[in-house]
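Visitor:
Numbering (our numbering), first residue to last: 9 to 569.
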């Protein structure tokens, strides 16, 4: 498109070409993404109405303009100063905005949830503020979120004279929040269809939602709560209730990236032409071209079990070409890692990631008995005690009990963490009996050292730390293992991963089918969060272990029970 002519005098205008408004297809795609954040996927009827609510605020995207450059609107004279100012999203009319009533657990779960509802309004009952005040004391994650929400609310209402008119949610710079925040400023008298006990916070909030339904009969009033029973009671009373879904990385855990792609039977037929190969540092590289290359992800593992078997790792993706690197076979005894060899394909992939010095972040998912902790600990011992790549092994985990808590534990930080580290002790015993520690366990005379001496040498390089004291720390040249990572929130996971300094490797282990933390699901777990966010980064890798290798009893129990 040619540039407009410059103005010949002060105050003159220049003519620019404005693209047409977005097409219906673009509008529908944008609205469906917005609806997934603010409403449950099952509410198809409400999502169908979303385009009419969203359309006034949508601006044409760069992609839409680039695809159809010939379809442009007539020239419109625009002042020079106005042409330099980016277009601002328009607010919807109050009657077209939904009104979300937030339960206290939503604010305690995500302190930024106030600003995650885009163009819609938020209503906070007085009982929610009362419960926030009760939760603000302490050093737990819940207490920190309560204090952060209180600070955000204080910043929003400061300088506001009339709270009844509502407070703009973008007053603190959150440009995506175009709705208003409303507080309960008067007593809302209503009579629920079913008599509920008085004095309970949940019932008081339900009463507020019922009253708002009567006051705003033409608007959608929706209760948002992480409490399943709260949502069930609301629906029993004829009220609309939804879960808070903005923190969900995936709606279905089956869509989670597993780090492995099986190649089709006709792979070599379509990708076997013009193959380039070369060797570098003992590794063979192949550059292949074909339609499947565009679907590859960097550091993803691919395998083919046909006439020309292949197991490789994707190193580079460029359009319809990709570079594959061969793997080291850790299933062979000569390549054992601290006496441990891979028993299946996925374990071999995992050891290639764990032993790769260029891979700073590794995540391993799998059911009980797939060997996550054993592989991570074996590679950590090898690279700490043999190759000296790391100077210390740090192990931490979320201290969430499966049953009733046993109370306070005496001793130092490591002594308090020992009951949570039973898996560490079990795997250390297995590794100590392996053949990989022969250099440490055998003296010059060929006699075995006492078992206790070898274990003391190993334990001297292993430190067990608590999550409560991680904030502000920096780890240099450490091998950090985060066990049971499925019980961490995305915020806690970010706190841990950002502790990594130069030369540090972080390994996250977990099973998203065994989450013990309240209000966390497979889609909102911190482990799911990092797997999705680190996907495709050249210095990170992920593998989902499929086969159990603990024992035939454990394998059968995992399937039958």
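Ideal placement from N, C-alpha and C gives every residue a C-beta, glycine not left out.
For residue 286, which three-state DSSP category applies?
Guide: Strand.
Visitor: With a threshold of 8 Å on Cβ separation, who are the neighbours of residue 507 within its own chain once the five nearest residues in sequence on each side are excluded?
Guide: 478, 481, 482, 483, 488, listed in sequence order.
Visitor: DSSP three-state label for residue 270, please.
Guide: Correct three-state label for residue 270: strand.
Visitor: Going by beta-carbon coordinates alone, are residue 556 and residue 378 separated by less than 7 Å?
Guide: Cβ distance < 7 Å, so residue 556 and residue 378 count as in contact.
Visitor: Give the DSSP-derived three-state secondary structure of residue 309 in the structure shown.
Guide: Residue state, collapsed to three classes: strand.
Visitor: Of all the options 105, 117, 515, which has the alpha carbon lying nearest to the alpha carbon of residue 529?
Guide: Selected option, being the one with the closest Cα: 117.
Visitor: Please say whether residue 189 and residue 130 have beta carbons closer to each other than 7 Å?
Guide: Closer than 7 Å, so yes.
Visitor: Return yes when the Cβ of residue 404 is within less than 7 Å of the Cβ of residue 473, no when it is not.
Guide: Yes. Within cutoff.
Visitor: In angstroms, rounded to a whole number, what distance separates the CA positions of residue 437 and residue 333?
Guide: Computed Cα separation, rounded: 35 Å.
Visitor: Which partner residues does residue 348 have in the DSSP bridge list?
Guide: The partner list for residue 348 (beta bridge, DSSP) reads 345.
Visitor: Report the three-state DSSP secondary structure of residue 189 (helix, strand or coil).
Guide: Correct three-state label for residue 189: strand.
Visitor: Quick one: what's residue 331 bridged to in DSSP?
Guide: Paired residue(s): 295, 324.
Visitor: For residue 232 versus residue 248, is the C-beta spacing smaller than 7 Å?
Guide: In this structure, residue 248 does not lie closer than 7 Å to residue 232 by Cβ.
Visitor: Given residue 542, which residues of its chain have a CB within under 8 Å of its CB, disregarding the five upstream and five downstream residues?
Guide: Closer than 8 Å at the Cβ level, and outside the excluded window around residue 542, lie 369, 371, 548, 550.
Visitor: Could you pull the DSSP bridge partners for residue 516 from this structure?
Guide: Paired residues: 371, 490.
Visitor: In whole angstroms, what is the alpha-carbon distance linking residue 277 and residue 110?
Guide: Cα to Cα, the separation comes out at about 56 Å.
Visitor: I'd like to know if the segment 296-309 and the segment 340-348 are in contact, where contact means that at least 3 CB-CB pairs between them fall below 8 Å.
Guide: At 8 Å Cβ cutoff, the stretches do not touch.
Visitor: How close, in whole Å, do the beta carbons of residue 240 and residue 107 come, if the pair is a contact with beta carbons under 8 Å?
Guide: Actually they are not in contact, since the Cβ atoms of residue 240 and residue 107 sit about 21 Å apart, beyond 8 Å.
Visitor: My guess is that residue 279 and residue 298 are in contact by the Cβ rule of under 8 Å, so how many angstroms apart are they, rounded?
Guide: Confirmed, Cβ separation roughly 3 Å.
Visitor: Quick check on residue 251: does DSSP put it in helix, strand or coil?
Guide: Here residue 251 sits in coil by DSSP.
Visitor: First and last residue of the beta strand (DSSP E) that includes residue 404?
Guide: That run of the beta strand (DSSP E) goes 400-405.
Visitor: Hey, how far is the Cα of residue 511 from the Cα of residue 485?
Guide: Whole-angstrom Cα-Cα distance: 4 Å.
Visitor: Just to confirm the assignment, what range does the beta strand (DSSP E) spanning residue 552 have?
Guide: Here the beta strand (DSSP E) through residue 552 covers 548-553.
Visitor: Which residues mark the beginning and the end of the beta strand (DSSP E) in which residue 385 is found?
Guide: No beta strand (DSSP E) contains residue 385, which is instead part of the alpha helix (DSSP H) from 380-389.
Visitor: By DSSP, does residue 264 sit in helix, in strand, or in coil?
Guide: In this structure, residue 264 counts as coil in the three-state DSSP scheme.
Visitor: Rounded to the nearest angstrom, how far is the Cβ of residue 124 from that of residue 254, given a contact under 8 Å?
Guide: Yes, they are in contact, since the Cβ atoms of residue 124 and residue 254 sit about 4 Å apart, within 8 Å.
Visitor: Which residue from 358, 355, 284, 335 puts its Cα closest to that of residue 329?
Guide: Ranking 358, 355, 284, 335 by Cα distance to residue 329 puts 284 first.
Visitor: Rounding to the nearest angstrom, what Cα-Cα distance links residue 397 and residue 390 in this structure?
Guide: Between residue 397 and residue 390, the C-alpha separation is close to 9 Å.
Visitor: Let me know if residue 342 comes out buried or exposed under the rule of 16 or more other beta-carbons within 10 Å of its beta-carbon.
Guide: Label assigned to residue 342: exposed.
Visitor: Between the Cα of residue 469 and those of 538, 399, 383, 272, spot the shortest distance and give me the residue it belongs to.
Guide: Considering only alpha carbons, the answer is 399.
Visitor: Taking all protein chains shown into account, do 16 or more other C-beta atoms lie within 10 angstroms of the C-beta of residue 360, making it buried, or fewer, making it exposed?
Guide: That one is buried.
Visitor: According to DSSP, simplified to helix, strand and coil, what is residue 275?
Guide: The answer is helix: DSSP assigns residue 275 an H, G or I state.
Visitor: Less than 7 Å between the C-beta atoms of residue 187 and residue 180, yes or no?
Guide: Their beta carbons are not under 7 Å apart, which means residue 187 does not touch residue 180 by this criterion.
Visitor: Who are the near neighbours of residue 156 in its chain, counting only those whose CB is closer than 6 Å to its CB and skipping five residues on each side?
Guide: Contacts found: 119.
Visitor: Confirm, please, whether the CB-CB distance from residue 209 to residue 134 is below 7 Å.
Guide: For residue 134 and residue 209, no; Cβs fall outside 7 Å.
Visitor: Which ranges would you report for the beta strand (DSSP E) in the segment 128-200 if only whole runs of at least 3 residues count?
Guide: DSSP runs (the beta strand (DSSP E)) wholly in the segment 128-200: 129-132, 188-191.
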